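Student: The UniProt record's numbering puts the sequence shown at residues 1 to 326.
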Amino acid sequence: MAHGGIHEDDHAAFERPRKRSRPRTKERPSYDDAPIARVVTVDRGRYRCQTADGTHVTATRARVISRKGIIVGDSVKLDGDTTGHEGTLARIVEVEPRTTMLRRSADDADTFERPIVANADQLMIVTALADPPPRTGMIDRILVAAFDAGVAPILCLTKADLASPDELVNAYEPLGVPIVVTRPGMDLTHVLDILRDHRTVLVGHSGVGKSTLVNALVPGTGRATAQVSDLTGKGRHTSTSAMAIEMPQGGWIIDTPGVRSFGISHVRPESFVAAFPDLAELTADCPRGCKHTTDSIDCGLDKAVEEGRLDRSRLTSFRRMERAFS
Ligand SMILES: Nc1nc2c(ncn2[C@@H]2O[C@H](COP(=O)(O)OP(=O)(O)OP(=O)(O)O)[C@@H](O)[C@H]2O)c(=O)[nH]1
Ligand SMILES: [Zn+2]
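Structure, rendered in structure tokens:
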């Protein structure tokens, strides 16, 4: 499985010292000691970065780094003025290798599946149980993106005061996806426990209660977004529509306003099963080219269910998810 499908040209931008013909009399420029920061928003060639001590620094990028080479969540090295004082501008000189990468799905505004979030280790799908009604097709597509990218998915079911979570819990629990259920005024300790010390991407359709959740998890988030508006003077919109917010308890939430789903066009059904080691093992004897779908003949997964080595409900859940892209 390609972990996040990271390509060389997506990042890997190291500013190397220029080769010199004369003997090295001086130290080569090295960024070993450059402060490392996390990219929290991207807006028209300006990168807002947060350093280890919490300072927000606005930065441009060194020319050797391509414009698409820096996305929210990236860990970067900064050069220049890193005080974060008003009017100062630092420069991103290096992007650390990514552990994971999610792409936003193509939409009207963008026909490419553009990389949008780097280094997340969890992806929380926020879905209302009613108003708006849940759409399992959307959940399935995002799950595919998460499993393929090596990012652990979590399902957050909001508005439990309006409808029962049972049906969705039954559909997704067999996949081993952790599920949290919320209702108004609820103590969110159980959600915080899952998010603490992780870098969790939040995705959900408009109206599902994502903002309500973020505000409850990180009080003062509204203020943080206002700062971004002040900075650009052009409102909240950012070209990648993602924003990393550090949680006081430790860890990061990466909100993705306006993102409907993540790109899965590169995922192939026959390789997707690799995201599930226990299922992959059962496909060892599948016919060559088996896609492991419901109409696949002699699929090892069906055999495993017949022989009691695999839970039928798990296979059903897996195949429903697989239909999202096959
Ligand atoms: N009944 C009920 N309503 C909720 C719950 N959580 C949020 N809401 C309401 O649902 C509406 C949408 O909530 P938001 O938090 O704005 O939803 P959102 O997903 O951020 O939507 P956008 O801001 O449009 O992106 C608001 O009127 C909330 O008060 C819940 O658990 N139960
Ligand atoms: Zn098979």
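Ideal placement from N, C-alpha and C gives every residue a C-beta, glycine not left out. Every value quoted in this text rests on a predicted model; they were computed, and no experiment measured them.
Give the single residue among D285, R309, G220 and S313 whose Cα lies nearest to the Cα of G300.
Tutor: Here residue 300 is taken as the residue at index 300 of the sequence shown, counted from 1. The shortest C-alpha separation from G300 is found at D285.
Student: Among all residues, which have a Cβ less than 6 Å from at least one non-hydrogen atom of ligand 2, and in what chain order do they fall?
Tutor: Going by the Cβ distance cut-off, the answer is T283, C286, C290, H292, S296, C299, G300 and L301.
Student: Between the stretch 110 to 122 and the stretch 68 to 75, do at least 3 Cβ pairs fall closer than 8 Å?
Tutor: Yes, the stretch 110 to 122 is in contact with the stretch 68 to 75.
Student: Helix, strand or coil: how does DSSP classify residue 337 here?
Tutor: Since the first and last residues shown for the chain are 1 and 326, residue 337 lies out of range.
Student: Quick one, which of I297, R91, P257 and A244 has its alpha-carbon nearest I65's?
Tutor: As a working mapping, residue 65 is identified with position 65 in the sequence shown. If we check each option's Cα against that of I65, R91 comes out closest.
Student: Using only the alpha-carbon positions, how far apart do S239 and L168 sit?
Tutor: Locating residue 239 in the sequence shown gives position 239, counting from the first residue. Locating residue 168 in the sequence shown gives position 168, counting from the first residue. In this prediction, S239 has a pLDDT of 46, which is less than 50 and means its spatial position is unreliable; what the coordinates show is noted afterwards. S239 and L168: Cα-Cα distance of roughly 33 Å.
Student: Just how far apart, CA to CA, sit R48 and G80?
Tutor: Counting from 1 along the sequence shown, the entry for residue 48 is found at position 48. Counting from 1 along the sequence shown, the entry for residue 80 is found at position 80. Cα to Cα, the separation comes out at about 14 Å.
Student: Out of R312, S241, G54 and A163, which one is the CA nearest neighbour of D43?
Tutor: In the sequence shown, residue 43 corresponds to position 43, counting from 1. Nearest option by C-alpha distance: S241.
Student: To which residues does DSSP link S319 through a beta bridge?
Tutor: Locating residue 319 in the sequence shown gives position 319, where the first residue counts as 1. Reading off the sequence shown, one finds Arg at residue 319, where the question assumed Ser. The partner list for R319 (beta bridge, DSSP) is empty, contrary to what the question assumes.
Student: CB of R288 to nearest heavy atom of ligand 1: below 7 Å?
Tutor: Working through the sequence shown from its first residue, we reach residue 288 at position 288. R288 Cβ: outside cutoff for every heavy atom of ligand 1.
Student: Using only the heavy atoms of ligand 1, determine whether one of them is closer than 7 Å to the beta carbon of S164.
Tutor: Reading the sequence shown from its first residue, position 164 is the one you call residue 164. Incorrect: S164 has no Cβ contact closer than 7 Å to ligand 1.
Student: Specify whether the stretch 125 to 141 and the stretch 276 to 293 touch according to this definition: at least 3 beta carbon pairs, one from each stretch, less than 8 Å apart.
Tutor: No: fewer than three Cβ pairs fall under 8 Å.
Student: Quickly, what does DSSP pair R48 with across the bridge? List them, please.
Tutor: On the sequence shown, position 48 is the one that residue 48 refers to. T41 and T58, per the DSSP bridge assignment.
Student: Using a threshold of 8 Å, state whether the C-beta atoms of K68 and R114 are closer than that.
Tutor: Within the sequence shown, residue 68 is the residue found at index 68, counting from 1. Within the sequence shown, residue 114 is the residue found at index 114, counting from 1. Result yes, Cβ atoms of K68 and R114 sit closer than 8 Å.
Student: Kindly identify the DSSP beta-bridge partner or partners of D255.
Tutor: Locating residue 255 in the sequence shown gives position 255, where the first residue counts as 1. D255 pairs with L202 and M243.
Student: For S211, report the span of its alpha helix (DSSP H) as first-last.
Tutor: Within the sequence shown, numbered from 1, the residue matching residue 211 stands at position 211. Per DSSP, S211 belongs to the alpha helix (DSSP H) from K210 to L217.
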